[in-house]
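Asks: Just passing along the structure, written as structure tokens.
Protein chains: 2
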Amino acid sequence: MSIPPSSKTPSGPSAVDPVEAFLQRRKKATINDVASLAQVSKKTVSRVINNSPSVRAETREQVNAIINRIGFKPDPQARGLAFRRSFLLGLIYDNPNAQYVVNIQAGILDCIRGSGTEIIVHPCDKNSDDFLEEIRDFVELQRLAGVILLPPIAENRQLLAMLDDLDVPYVRITAMHGAENTPPILSPQVVSRDRQGCLAAAEHLVELGHTRIGFISGPAGYASARERRQGFDEGLARHGLSLSDELITGGEYTFESGFEAARHLLALSPRPTAIFASNDEMAIGAYKAAAQLGLTIPDELSVIGYDDAPIASRITPGLTSVKAPIRDIGRTAAETLISEEKPRRNTTIFDTALIVRESTGPREPDFKP
Amino acid sequence: MSIPPSSKTPSGPSAVDPVEAFLQRRKKATINDVASLAQVSKKTVSRVINNSPSVRAETREQVNAIINRIGFKPDPQARGLAFRRSFLLGLIYDNPNAQYVVNIQAGILDCIRGSGTEIIVHPCDKNSDDFLEEIRDFVELQRLAGVILLPPIAENRQLLAMLDDLDVPYVRITAMHGAENTPPILSPQVVSRDRQGCLAAAEHLVELGHTRIGFISGPAGYASARERRQGFDEGLARHGLSLSDELITGGEYTFESGFEAARHLLALSPRPTAIFASNDEMAIGAYKAAAQLGLTIPDELSVIGYDDAPIASRITPGLTSVKAPIRDIGRTAAETLISEEKPRRNTTIFDTALIVRESTGPREPDFKP
DNA sequence: TTGTATGCGTTATCAT
DNA sequence: ATGATAACGCATACAA
Chain U
1 MSIPPSSKTP
11 SGPSAVDPVE
21 AFLQRRKKAT
31 INDVASLAQV
41 SKKTVSRVIN
51 NSPSVRAETR
61 EQVNAIINRI
71 GFKPDPQARG
81 LAFRRSFLLG
91 LIYDNPNAQY
101 VVNIQAGILD
111 CIRGSGTEII
121 VHPCDKNSDD
131 FLEEIRDFVE
141 LQRLAGVILL
151 PPIAENRQLL
161 AMLDDLDVPY
171 VRITAMHGAE
181 NTPPILSPQV
191 VSRDRQGCLA
201 AAEHLVELGH
211 TRIGFISGPA
221 GYASARERRQ
231 GFDEGLARHG
241 LSLSDELITG
251 GEYTFESGFE
261 AARHLLALSP
271 RPTAIFASND
281 EMAIGAYKAA
291 AQLGLTIPDE
301 LSVIGYDDAP
311 IASRITPGLT
321 SVKAPIRDIG
331 RTAAETLISE
341 EKPRRNTTIF
351 DTALIVREST
361 GPREPDFKP
Chain Z
1 MSIPPSSKTP
11 SGPSAVDPVE
21 AFLQRRKKAT
31 INDVASLAQV
41 SKKTVSRVIN
51 NSPSVRAETR
61 EQVNAIINRI
71 GFKPDPQARG
81 LAFRRSFLLG
91 LIYDNPNAQY
101 VVNIQAGILD
111 CIRGSGTEII
121 VHPCDKNSDD
131 FLEEIRDFVE
141 LQRLAGVILL
151 PPIAENRQLL
161 AMLDDLDVPY
171 VRITAMHGAE
181 NTPPILSPQV
191 VSRDRQGCLA
201 AAEHLVELGH
211 TRIGFISGPA
221 GYASARERRQ
231 GFDEGLARHG
241 LSLSDELITG
251 GEYTFESGFE
261 AARHLLALSP
271 RPTAIFASND
281 EMAIGAYKAA
291 AQLGLTIPDE
301 LSVIGYDDAP
311 IASRITPGLT
321 SVKAPIRDIG
331 RTAAETLISE
341 EKPRRNTTIF
351 DTALIVREST
361 GPREPDFKP
């Protein structure tokens, strides 16, 4: 940085600079090199590295000067061995969509970039027999600094209990938030307010004049599915409306299930004039069903999805969808894990927003239910 | 596994089993525990762990029995420190699409699952000032067991030179293969034969009667862009056709660039009856352009993409596209890196295939060029 | 074939 | 505030 090429070390002004001599060797610097060059013990160097308060400012500067000059970076392996924990964050997930995973990764990296922490990805299969054991081995063996859990396994009680037992810090990314969170889970979580965006989606449809609305849900047991449904219900309720049972159909967050569900809904008589799908995959399935029936979106059918996946803005007509700030969520999750602060916030909540595109329009004026 | 609960160790049949005693302590086993329990030195245990041939079969079994009973797993950190390298694979990439990254990751994991190796993801920015330095620090600090490079940075000569200098094993995943690979790069690579699938795409269009075909290329300098173009040219040439210059337009592998390119092509007079886009993102851009112009796919315009991205099978009409076995490619890359075999294959090639869907059809019989 | 002493690069303990 | 010495868990050199 701003260190002059010839520093005024106690070894004398015009003598051969031992630092320069060291740099000639072109070997990776260790704490020992720093110690001997700075003429202190390794322990003192270690204290500097770890920001121990019990180091004289003068000594600290001296050591830091050497560290910068020879480009010393402590070896994470050795450090980890001594600390008994690594500097690795584990990202564990079962099977979310690709874009979601990549966005989360990007967010995590926003946070850890330059911090010396790295992220190791660990997909798993929640239906596998050794699901828990496999994760246990992974976490234990790698001595992870922290774990980030994505939905839906972030809602797996057994997994959480095991991680508690393993005594590893972890953060859950989830849509769940509220009373059904019982018994209360104390681990930090980063939450997206799915409910809110879906509420907006419902109101949007109502304002467009739709009253006969189809709802394609997410898989039973998924917190996100529950939240989205409740948000949607709430939005309708604000206008004195509600979903009729026959227009509620179960999806599995897959394209195929959305297609089938929409086919079912559109075969009803009278058919719904709008469909809310609990994610974009299924909404696109509804597009396909509409196309097969020759229904034009949005003129004859309005569609809303959830995720604001890339396809939403690429398909014609553009898909109105609810967007959560996935990348921010990932970043926050990592921050929660590696922040120095003692009292880290236990729950961070992110709002979701309705992105209105061309897939939603006014109900056909002449449509007879 | 199949070890009886009470084993017949030399310590005596009905005496207090030292192994059981150890298991009571519920502490993570170390090599020392194994050594004392098996009544050998740590070194012998170490040899067993590392499959050293110079261990008597009997001794080996004895040690392995203890290892299994107490569930000993060598600590990667300590092992890495002694080995001077970690058991981590680095996946470095700049900005491919999300599905590609996730597929590659899945393939890598197919390979390393249960091997003790883990994968750490490292996105980077090839336009950043400290692009190389940043990667150097990463690789050096983590003492990576190997590096997997994705396109387009897998084609960056400076990066390759640096990795050579760092003496870290690495594999390149690329589309490039052939004479233009000069000066020859000796590092292992896993190659997809982009050329072949694109050749098939061209022939497919020709067979449907198309002669006036638009081509949207990938970014200049990308090996994949070059290969796809050449494959397509070759396919046309087999039927005595070739791309006319005015129908070749440059894309950037982005949705927007595909949209603009297609708009340009479709504004020509006479317009092309078919468009090949060098990836699906751009092909979907062409869909949008066609929709804006009121052109029906495939009746009035045939479209082919590349990647067989999820959107290809979800959009209506389904997009005919070239598919590469991404996951297999990822797996092979990992295998190349962690295989025990000395003479590991330097280049593995995977075929690509044309997936025909509904976006391609016969040229309109009455279309006058 | 097996064991002993030592090193890998860092932190923890306990002194001074 | 600083330092000598012993961990941390495993591998290597060199003996035996």
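As given, the protein sequences belong to chains U and Z, one line each in that order.
Using full-length UniProt numbering, you'd call the opening residue of the first sequence number 1 and step up by one each time.
Using full-length UniProt numbering, you'd call the opening residue of the second sequence number 1 and step up by one each time.
Idealized CB from N, CA, C, for every residue including glycine.
#1: Kindly identify the DSSP beta-bridge partner or partners of residue 158(Z).
#2: I'd like the ranges of any beta strand (DSSP E) spanning at least 3 consecutive residues and lying wholly in the region 263-324 of chain Z.
#3: In the structure shown, what three-state DSSP assignment does residue 220(U) receive?
#4: Rounded to a whole number of angstroms, what is the C-alpha to C-alpha distance between residue 278(U) and residue 333(Z)?
#5: List the whole-angstrom C-beta distance separating residue 172(Z) from residue 154(Z), where the pair is believed to meet the contact cut-off of C-beta under 8 Å.
#6: Suppose only complete runs of 4+ residues qualify. What are the alpha helix (DSSP H) ranges in the region 180-212 of chain Z, listed by chain order?
#7: Using a Cβ-Cβ distance cut-off of 8 Å, determine whether residue 141(Z) contacts chain U.
#8: Could you tell me whether the region 127-144 of chain Z touches the region 97-107 of chain U, using the rule of 3 or more Cβ pairs below 8 Å?
#9: Might you give, ordered along the chain, the residues of its own chain that have their beta carbon closer than 8 Å to the beta carbon of residue 89(Z), omitting 5 neighbours on each side?
#10: So is residue 314(U) in contact with chain Z if we call contact Cβ pairs under 8 Å?
#11: When the cut-off is 8 Å and only beta carbons count, does residue 288(Z) lie next to chain U?
#12: If contact means a Cβ-Cβ distance below 7 Å, which residues of the region 255-282 of chain Z contact chain U?
#13: Between residue 286(U) and the rest of its own chain, which residues show a CB-CB distance below 6 Å, the 5 nearest in sequence each way excluded?
#14: Taking 8 Å as the cut-off, decide whether the C-beta atoms of residue 66(U) and residue 38(U) are in contact.
#15: Please check if any C-beta of chain U sits within less than 8 Å of the C-beta of residue 291(Z).
#16: Provide the residue span of the beta strand (DSSP E) that contains residue 138(Z), from first to last.
#17: Can you determine whether any heavy atom of the ligand COA sits closer than 7 Å to the C-beta of residue 319(U), and answer yes or no?
#18: Could you work out which residues of chain Z lie near residue 80(U), taking near to mean beta carbons separated by less than 7 Å?
#19: Can you list, in chain order, the residues of the region 105-138 of chain Z whose Cβ is nearer than 8 Å to any Cβ on chain U?
#20: Of the residues 295(Z), 166(Z), 301(Z) and 95(Z), which one's Cα is nearest the Cα of residue 139(Z)?
#21: Kindly indicate if chain Z contains any beta-carbon less than 8 Å away from that of residue 343(U).
#22: Can you list, in chain order, the residues of its chain with a C-beta nearer than 8 Å to that of residue 72(Z)? Leave out the 5 residues immediately preceding and following it.
#23: When DSSP labels each residue in this structure, what does residue 358(U) get in the three-state scheme?
#24: Would the region 73-85 of chain Z and the region 294-301 of chain Z be scored as touching if the rule is three or more Cβ pairs under 8 Å?
#25: Since residue 100(Z) is in the beta strand (DSSP E), which residue starts that stretch and which ends it?
#26: I want to see whether chain Z comes within less than 8 Å of residue 86(U), judged by CB atoms only; does it?
#27: Excluding sequence positions up to five away, which residues of its chain have a Cβ less than 8 Å from the Cβ of residue 142(Z)?
#28: Mind checking if residue 45(U) is an interface residue toward chain Z, Cβ cutoff 8 Å exclusive?
#29: Whole angstroms are fine: how far does the CA of residue 212(Z) sit from the CA of residue 270(Z)?
#30: Compare the C-beta of residue 102(Z) against all C-beta atoms of chain U and say whether one is closer than 8 Å.
#31: Give a yes or no on whether 8 Å exceeds the smallest Cβ distance from residue 196(Z) to chain U.
#32: Is there a Cβ from chain Z that is less than 8 Å from the Cβ of residue 333(U)?
#33: Whole angstroms are fine: how far does the CA of residue 199(Z) sit from the CA of residue 346(Z)?
#34: Can you look up residue 172(Z) in the DSSP assignment and give me helix, strand or coil?
#35: Suppose contacts are defined by Cβ-Cβ distances below 8 Å. Is residue 243(Z) in contact with residue 265(Z) by that definition?
#36: Using only alpha-carbon positions, find the residue among 240(U), 150(U) and 185(U) that is nearest to residue 161(U).
Replies: Here's the rundown:
#1: BP columns for residue 158(Z) are empty, so no partner.
#2: 274-277, 302-306 and 320-323
#3: coil
#4: 37 Å
#5: 4 Å
#6: 194-207
#7: yes
#8: no
#9: 108, 112, 117, 118, 119, 120, 144, 145, 146, 147, 148, 334, 337 and 338
#10: yes
#11: yes
#12: 255
#13: 258, 262, 275, 277 and 303
#14: yes
#15: yes
#16: Segment 131-142 is the alpha helix (DSSP H) holding residue 138(Z); no beta strand (DSSP E) there.
#17: Among the ligands in the structure shown, none appear at all, so the ligand COA cannot be discussed.
#18: 77
#19: 105, 106, 109, 116, 118, 119, 120, 121, 122, 123, 137 and 138
#20: 166(Z)
#21: For residue 343(U), the predicted model reports a pLDDT of 48, less than 50, meaning its position is unreliable; a value from the coordinates is still stated below. It does not; no Cβ of chain Z falls within 8 Å.
#22: 29, 30, 31, 33, 34 and 66
#23: coil
#24: no
#25: No beta strand (DSSP E) holds residue 100(Z); the alpha helix (DSSP H) holding it covers 98-112.
#26: yes
#27: 86, 88, 90 and 120
#28: no
#29: 9 Å
#30: yes
#31: no
#32: no
#33: 25 Å
#34: strand
#35: no
#36: 185(U)
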